[in-house]
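I have placed the structure first, in the form of structure tokens, so that the comments after it can refer back to it.
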Amino acid sequence: MCIDSRLINNITVRYKHPIPHLDYLLDELHGSKIFSKIDLRTGYHQIRMRKGNEWKTTFKTKFDLYEWLVMLFGLTNAPNTFMRLMNHVLRSLISKCVVVYFDDILIYSISVNDHILHKNEPFALMKLSSLVMLLAPMELKVDKEKWEESQERAFQALKDRVAHALILALPNFTKPFGLECDASNAYIGAILL
Numbered sequence: 001m002c003i004d005s006r007l008i009n010n011i012t013v014r015y016k017h018p019i020p021h022l023d024y025l026l027d028e029l030h031g032s033k034i035f036s037k038i039d040l041r042t043g044y045h046q047i048r049m050r051k052g053n054e055w056k057t058t059f060k061t062k063f064d065l066y067e068w069l070v071m072l073f074g075l076t077n078a079p080n081t082f083m084r085l086m087n088h089v090l091r092s093l094i095s096k097c098v099v100v101y102f103d104d105i106l107i108y109s110i111s112v113n114d115h116i117l118h119k120n121e122p123f124a125l126m127k128l129s130s131l132v133m134l135l136a137p138m139e140l141k142v143d144k145e146k147w148e149e150s151q152e153r154a155f156q157a158l159k160d161r162v163a164h165a166l167i168l169a170l171p172n173f174t175k176p177f178g179l180e181c182d183a184s185n186a187y188i189g190a191i192l193l
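For the sequence shown, the positions run 1 to 193 when full-length UniProt numbering is used.
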């Protein structure tokens, strides 16, 4: 469901939770070799609207009027509120083995053995905080009637590109960095060497 929150956002007092700079996050990852990412894609729905404020989220359908009981995507303060909650819940792991960036959690470790220990810690802390997680297994479903040769070729080409793509990696912090820049009237570009 898509809700236009512009009217309420225009009169909302903005909450400014500090968003970490990419430089700080990269510094935390220094030396790590093993990573796991958790995407809390419905995480905003874990936060209950403040009692008495539900009416502010009223929306109309052809059937009736409805109010959100939980925080919805699109509210101006939703990302910062959610990030503040996750920073609070995972505070014992931040700067140790976890980076939080809005609704994404990156678990990082130097070794596989450390990662085996680290990877379950965020889930345990979220469970202690009564955050509900519905973990769905990954699966691929294909409608055989709509999957033709052209789709199969496109899928195989995409798989090949992903399999042979250049992989982004953390820079080696023990070596000096170089920065090459270029610009024209229409474009600018830079690359870290």
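Just so it is clear, CB atoms sit at the ideal spot from N, CA and C, and this is done for glycine as well. What you are looking at is a predicted structure, and each value in this text was computed from that prediction instead of being measured.
Following the DSSP letters along the chain, one finds L106 inside the beta strand (DSSP E) bounded by residues D104 to S109.
Of all alpha-carbon atoms in F73, Y44, E121 and R48, the one lying nearest the alpha-carbon of V99 is that of E121. Only buried fits I107, as 16 or more other CB atoms lie within 10 angstroms of its CB. Counting only residues of its own chain and dropping the five nearest sequence neighbours on each side, K37 has a CB closer than 6 Å to the CB of L106.
Beta-bridge pairing by DSSP links I188 to A183.
At a cut-off of 3 residues, the continuous stretches assigned as beta strand (DSSP E) that sit fully inside the UniProt domain "Reverse transcriptase" (2 to 149) are 34 to 39, 98 to 101 and 104 to 109.
Contact check for S150 against L75 fails: the beta carbons are separated by 8 Å or more.
In the same chain as F173, and ignoring 5 residues on each side of it, the C-beta atoms closer than 7 Å to its own belong to H30, in chain order. In the structure shown, F173 falls within a coil segment according to DSSP collapsed to helix, strand and coil. Comparing alpha-carbon positions, the option among N53, T81, K56 and S109 lying closest to S32 turns out to be S109.
By the beta-carbon neighbour count (other beta carbons within 10 angstroms, threshold 16), F82 is buried. By the criterion of a C-beta distance shorter than 7 Å, V112 is surrounded in its chain by I34, once the five residues flanking it on both sides are discounted.
Collapsing the DSSP output to three states places L193 in coil. Short of 7 Å from the beta carbon of K60, and not among the five residues preceding or following it, lies no beta carbon of its own chain.
Close CB contacts of H115 within its chain, under the 6 Å cut and outside five residues either way in sequence, are with I34 and S109 (chain order).
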